[in-house]
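Each step along the sequence shown adds one to the number in UniProt numbering, with nothing skipped, and position 296 is 296.
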Amino acid sequence: KVFQAVVSCIGRDGTIYIIPKSLEIELNNLMTEIQSNFMCLGLLESYCWKKGDACVVRGSDTKWYRGKVVELGVGALQVQYIDRGCIEMVPQCHLYPTTSYTDIPPFCIPCELHKTIPIGNFWQQDAVDCLQELLTNEEVEIHVQELPDNPWGKLSVSLYFGGMSLASFMAYQKYCVAEDCQDVLKVELFLGDMPALPSYTLPSLPVPGDTFPVRVTHLVSPKENLMKQSATEGDASCDSEVVSLEEALKWCNKSVESLPLLTHFQKEMPCLVEYQDGLWYRAKLLSVEEFDPVKILVQFVDYGSFSVVPTGRLRHIPYNLLKYPVQAVRVLLTGFKPASYGKNVERIPYSPEWSVEALWAMMECIEGKQLSASILALSPEVTISLYEGDENLVHMKLIEMGLADLDE
């Protein structure tokens with residue numbers, strides 16, 4: 001039997017819990033009924049719980065779910081959400097004993113991959129983390145291979161996500177050995193020789209002590225910015241590299257509709273992002289900022305700026321665009337520190353040691369100016385002195401205005 005399902009949970013032992021799409025309406029109706037019947041806070045008086053007791057459990061989203069006591073504890077019980085599969089330690093005040101819904105079978109089905117043996121005969125933690133990242137709340141295709149010996153056992157299945165076999169993918173990543181791996185070649189063609197999470201390369205920087213022309217592309221705080229190295233008259237390699245990247249992006253924009261939208265998200269993952277001008281640029285994922293609808297915080301790696309975008313503006317990046325080094329480099333300016341501000345001074349929310357006035361003052365110092373930099377250190381952070389022209393340190397203006405102090 002083949003059917004569509006949503007992965008509700010990955011157990012700590014690698015068990016894959018799925019909810020068939022055909023049962024979603026029925027489950028939603030049951031959840032609505034439970035919410036209307038249980039409008040209390042939980043059982044506040046003491047109760048003699050036993051292992052296996054049926055209950056309803058109040059989740060972190062304040063909704064009530066069907067549950068079953070798995071283990072007893074002091075003050076808290078280990079409870080399994082029987083319609084989702086996950087197991088949590090829950091305070092007794094968030095539980096309520098009931099037998100109202102015990103005649104309805106669980107909506108989630110525990111599954112294991114057919115003829116697949118994890119390395120070491122059990123799923124290692126990094127493999128479980130990979131499964132959780134890959135599958136949780138994702139829609140998948142299930143091919144039933146074997147029924148369990150008992151009704152509460154695990155269904156032996158072949159699982160496909162995005163048309164790819166999960167067993168073959170996990171075998172390719174060296175997490176397991178799969179007997180039926182017809183799709184390993186397909187996985188290799190899809191992933192190529194790239195690592196599981198490809199990354200951008202950094203540009204080569206001048207040696208410390210040398211002064212070179214730069215352009216600040218994004219200001220995070222007076223002390224932190226992202227800059228591009230400007231090509232000098234004799235530096236043809238830097239210029240041709242930028243032209244090659246621009247040319248590659250131009251062709252990529254012409255055929256961008258052929259690139260698949262991102263459906264799996266991982267921190268630092270390279271991607272293409274549609275900007276406000278309708279063009280697509282290189283970027284990387286930073287974090288999920290909103291959930292309904294999903295919106296992702298990204299950073300444009302060739303400019304340094306940030307943006308929160310819906311998933312419809314994220315696409316897979318072709319591997320040939322990864323060979324070009326990022327154009328914007330994060331640097332820290334040295335030689336100054338924040339002044340001691342009064343309590344009523346408006347501060348930068350994400351960098352409260354600096355005032356907003358200092359940020360605006362630094363913007364005026366660098367905007368549209370011919371700047372040069374000298375690298376003082378490459379590790380652990382790229383640290384520079386930033387000059388207007390060849391000799392005037394940019395930060396001296398902030399010190400004159402009382403917005404910063406010298407830092408020897």
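Glycine included, every Cβ here is placed at the ideal spot set by N, Cα and C.
Owing to the predicted nature of the structure, the values given are computational and were not obtained by experimental measurement.
Indicate the three-state DSSP secondary structure (helix, strand or coil) for residue i in the structure shown.
i      : result
Glu179 : coil
Asn392 : strand
Phe300 : strand
Ala404 : strand
Ile19  : strand
Glu133 : helix
Phe122 : coil
Val128 : helix
Tyr387 : strand
Tyr160 : strand
Arg215 : strand
Ile317 : coil
Ser168 : helix
Leu398 : helix
Glu139 : strand
Glu24  : helix
Thr311 : helix
Leu205 : coil
Leu113 : strand
Leu378 : coil
Asp147 : As written in the sequence, residue 147 is Leu, which differs from the Asp given in the question. Of the three classes helix, strand and coil, the one that applies to Leu147 here is coil, per DSSP.
For residue i, I'd like the list of residues in its chain whose CB is within less than 6 Å of its CB, leaving aside the five on either flank, ordered along the chain.
i      : result
Pro195 : Summary for Pro195: the model assigns pLDDT 45, below 50, so the residue's position carries little reliability; its value from the coordinates is reported in the next sentence. Taken in chain order, the list of residues that qualify is empty.
Thr102 : Ala54
Leu185 : Unreliable placement is indicated for Leu185, whose pLDDT of 47 sits below 50; no coordinate value is reported for it.
Thr201 : Pro325
Glu289 : Lys295, Leu297, Val308
Val2   : His143
Pro20  : Phe3, Ala5
Leu279 : Asn253
Measuring CB to CB, does residue i end up less than 8 Å from residue j?
i      : j      : result
Pro260 : Ser199 : no
Leu113 : Val140 : no
Val30  : Ile104 : Note that residue 30 is Leu in the sequence shown here, rather than Val. Contact: yes.
Gly335 : Asp407 : yes
Gln92  : Gly75  : yes
Val382 : Val301 : no
Val298 : Val309 : yes
Leu147 : Gly14  : no
Arg282 : Leu321 : yes
Cys48  : Leu95  : no
Leu245 : Tyr172 : no
Ile10  : Cys111 : no
Gln145 : Val128 : no
Pro97  : Leu43  : yes
Tyr65  : Gly73  : no
Leu314 : Val273 : yes
Lys63  : Gln35  : yes
Can you give the beta carbon distance from residue i to residue j, rounded, assuming they're within the 8 Å contact cut?
i           : j      : result
Leu359      : Leu219 : 7 Å
His316      : Leu249 : Not quite, the Cβ-Cβ distance comes to about 15 Å (not below 8 Å), so this is no contact.
Pro118      : Cys176 : 5 Å
Asn137      : Val7   : 7 Å
residue 440 : Lys337 : A question about residue 440 goes unanswered here, because the residues of the chain that appear run from 1 up to 408.
Asp83       : Phe107 : 4 Å
Pro222      : Trp354 : 6 Å
His264      : Leu134 : 6 Å
Lys115      : Glu179 : 4 Å
To which residues of the same chain is residue i closer than 8 Å at the C-beta, ignoring the five residues directly before and after it?
i      : result
Tyr387 : Thr211, Leu371, Ser372, Ala373, Ser374, Leu393, Val394
Leu189 : Reliability fails at Leu189, whose pLDDT of 43 lies under 50, so the model's placement of it is uncertain and no value is given.
Gly234 : Residue placement at Gly234 is poorly supported in this model, since its pLDDT is 49, which falls under 50; the coordinates are not used for a value here.
Leu205 : Gln229, Val329, Ile375, Leu378, Val382
Tyr275 : Tyr281, Phe300, Ser307
Glu224 : Arg330, Val331, Leu332, Leu333, Ser351
Tyr341 : Arg347, Ser355
Ala361 : Pro222, Lys397, Leu398, Met401, Leu403
Arg12  : Ile87, Val128
Taking only beta-carbon positions, decide if residue i is within less than 8 Å of chain D.
i      : result
Leu333 : Absent from the structure: chain D. Only one protein chain is present.
Which same chain residues, not among the five before or five after residue i, have their C-beta less than 7 Å away from its C-beta?
i      : result
Tyr303 : Thr217, His218, Ala328
Gly402 : Ala339
Leu286 : Lys267, Leu297, Val298, Gln299
Gln78  : Val70, Glu71, Ile87, Met89
Asp356 : In the sequence under discussion, the amino acid at residue 356 is Val, which differs from the Asp named in the question. Only Glu346, Arg347, Ile348 meet the Cβ criterion.
Inset, instruction - Could you tell me which uninterrupted beta strand (DSSP E) segments, each at least 3 residues in length, are contained entirely in the segment 217-297, listed from first to last along the chain? - result: Correct list: 224-229, 270-274, 280-291.
- Task: Taking only runs that begin and end inside the segment 28-106, name each unbroken beta strand (DSSP E) of 3 or more residues, in chain order.
- Result: Qualifying beta strand (DSSP E) stretches, in chain order: 54-58, 64-71, 76-81, 87-91, 95-97.
- Item | Any beta strand (DSSP E) of 3 or more consecutive residues that is wholly inside the segment 336-367 | Residue ranges of uninterrupted beta strand (DSSP E) with 3 or more members, entirely inside the segment 336-367 and ordered along the chain, are 336-338, 351-355.
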